[in-house]
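One structure below.
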Amino acid sequence: MISQTPLFIATNNGDIGGGEVMLLNIARAARSLGHSVTIVGPSQPAELIDAAKDEGFATVTLPATNRRDYMAQLRVWDKRQRQGLLWCNGLVPSFATSGHKNRIVHLHQIPVGKQKYLVAPAQRKALRTLVPSEFMTSQVKNSEAFPNWVSEVSSPLVREQVGETIRVGFLGRPSMIKGTHTLTKALKLLSALDKKQYTLVIAGEPKFVSEDDQREVETALSSLGDSVENMGWVTPEKLIQGIDMLVVPSTWEEPFGLVAAEAMSARVPLIVSDAGALPEVVGKEYPWIAPKGNTAVLAQRISDLADALIAHDGNLQDTISDSYWRWQESFSPEVGKERVRRLLESVEVK
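The opening residue of the sequence shown carries number 21 in our numbering; numbering runs sequentially from there.
Take a look at the structure:
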């Protein structure tokens, strides 16, 4: 595809989640490569369209306030008006434009339930089907890995010495699938068995989380009493400046692991679960991996990592350095831009 060919990127949602963060990353990369980029989304929610406008992107706002209307409007617009390549950023725009030519299908989550039956129709006549990890290629037929990338999270090269209380960070939506309750139970177990003291520091809001899920997580958090700090929504930099380690305890099959990649870029000590693509992101030989949902093992990993921090363990510092370079070589914006370049050069728009 030559740079003069217009590129349209259709969002999955009007509000911004992980997939929409990647949409903007892709748009920035394509624009920097000289492509004309237009973002397509619904009139409500308008968060994504507003963010695109703020960054100077051309936009197409379709008159829709719910998913069904958005899909209908997108199909009509795409059939009648689109000229160029359509990058379908999620299952919603992919299925809505099923059978149309000159499309890239990009799925950010593993289809579950009835969604599984929408994938094959969504792929019909698509030039490529992209997913964010090799793990997810095993879940979606005829797909190829197109890993996500994240900007570097700035943090001090030399971290402060660990204090009397170990500050354990959690970044993201407090929810069951993200393992907030598992982490809470692990810290509760450590409070009874470990001489070290711990505080859980949460950065994130329960966006897209059901009320039942929120109540269950809140109940688990309340069991820690005063050993919880809830920062609400803050930047990753703000959280990482005030913690000793970050834990990504997901219990669902993560299609990628943006938070883990951000932690690697920030050189912060990191523990992840083995859910989905997380081991693929950190590297399968990474030493600080715990089985998903296993409270006892997670507690032991946290305690061992705290001991290594206190002892200024050289192996830990080597691991942190290796993780930073893994981010640089695999998940940095420069690498992402090169992926976009190779992909767009390889597709033929007819």
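By construction, the Cβ of each residue, glycine as well, lies at the ideal position given by its N, Cα and C atoms.
Leaving out the 5 sequence neighbours to the left and right, which residues in its chain are closer than 7 angstroms to residue i when beta-carbon positions are compared?
{"i": "GLY356", "result": "ASN45, ALA49 and TRP169"}
{"i": "GLY262", "result": "ARG187 and VAL221"}
{"i": "GLY303", "result": "ARG346"}
{"i": "SER118", "result": "PRO141, ALA142 and ARG144"}
{"i": "ARG321", "result": "ILE291, TRP308 and ALA310"}
From the options, pick the residue whose C-alpha is nearest to that of residue i; which is it?
{"i": "THR157", "options": "TRP308, ALA297 and ALA319", "result": "ALA297"}
{"i": "ALA146", "options": "GLU349, ALA165, SER114 and PHE166", "result": "SER114"}
{"i": "ASP372", "options": "GLY38, ASN162 and LEU290", "result": "The structure shown does not extend to residue 372, since the chain is modelled only from 21 to 370, so the question has no answer here."}
{"i": "TYR90", "options": "LEU106, VAL60, GLY277 and ASN250", "result": "VAL60"}
Got a sec? Which residues, its chain only, sit under 8 angstroms from residue i by beta carbon, not counting five neighbours each side?
{"i": "THR58", "result": "PRO26, LEU27, PHE28, ILE29, PHE77, ALA78, THR79 and VAL80"}
{"i": "MET196", "result": "ASP233, GLU236, VAL237 and THR271"}
{"i": "GLN93", "result": "PRO62, LEU82, PRO83 and ALA84"}
{"i": "GLY349", "result": "Per the sequence shown, the amino acid found at residue 349 is Glu instead of Gly. Only VAL355 meet the Cβ criterion."}
Tell me the rounded alpha-carbon separation between residue i and residue j.
{"i": "LEU220", "j": "SER323", "result": "13 angstroms"}
{"i": "GLU172", "j": "VAL188", "result": "21 angstroms"}
{"i": "LYS121", "j": "ARG179", "result": "52 angstroms"}
{"i": "VAL41", "j": "LEU329", "result": "32 angstroms"}
{"i": "PRO167", "j": "PRO226", "result": "25 angstroms"}
{"i": "LYS99", "j": "SER341", "result": "50 angstroms"}
{"i": "ARG359", "j": "SER230", "result": "35 angstroms"}
{"i": "LEU191", "j": "GLN337", "result": "22 angstroms"}
{"i": "ARG361", "j": "LEU241", "result": "45 angstroms"}
{"i": "VAL369", "j": "LEU138", "result": "24 angstroms"}
{"i": "ALA326", "j": "GLY133", "result": "40 angstroms"}
{"i": "GLN103", "j": "VAL96", "result": "13 angstroms"}
{"i": "GLN135", "j": "GLN217", "result": "44 angstroms"}
{"i": "ASP246", "j": "GLU184", "result": "15 angstroms"}
{"i": "ALA286", "j": "GLN101", "result": "43 angstroms"}
Start and end of the beta strand (DSSP E) containing residue i?
{"i": "PRO62", "result": "57-62"}
{"i": "GLY252", "result": "248-252"}
{"i": "TRP107", "result": "105-109"}
{"i": "ARG148", "result": "148-151"}
{"i": "VAL221", "result": "217-223"}
{"i": "PHE190", "result": "185-191"}
Who are the Cβ neighbours of residue i in its own chain at under 6 angstroms, not counting the five residues just before and after it?
{"i": "MET200", "result": "Reading off the sequence, residue 200 comes out as Thr, not Met. Cβ neighbours of THR200 beyond the five flanking positions: PRO194 and VAL237."}
{"i": "PRO65", "result": "GLY34 and ASP35"}
{"i": "GLU257", "result": "VAL173 and SER174"}
Contact criterion: CB-CB distance below 8 angstroms. Does residue i meet it with respect to chain B?
{"i": "ASN109", "result": "Given the protein chain composition of this structure (a single chain), no chain B is represented."}
Along the chain, where does the alpha helix (DSSP H) that runs through residue i open and close?
{"i": "ALA286", "result": "278-286"}
{"i": "ILE260", "result": "256-260"}
{"i": "HIS201", "result": "200-213"}
Assess, as a yes-or-no matter, whether the segment 202-211 is touched by the segment 306-316 under the definition of 3 or more beta carbon pairs within less than 8 angstroms.
The segment 306-316 makes contact with the segment 202-211: 3 or more CB pairs, one atom from each, lie closer than 8 angstroms.
Counting pairs of Cβ atoms below 8 angstroms between the segment 145-153 and the segment 331-345, do you hit three or more?
The segment 145-153 vs the segment 331-345: no contact.
Using 8 angstroms as the Cβ pair cut-off and three pairs as the minimum, do the segment 280-296 and the segment 304-313 touch?
In short, these stretches touch, since the Cβ pair count reaches three.
Specify whether the segment 62-72 and the segment 31-41 touch according to this definition: at least 3 beta carbon pairs, one from each stretch, less than 8 angstroms apart.
By the Cβ criterion, the segment 62-72 is in contact with the segment 31-41, since at least three pairs of Cβ atoms, one from each stretch, lie closer than 8 angstroms.
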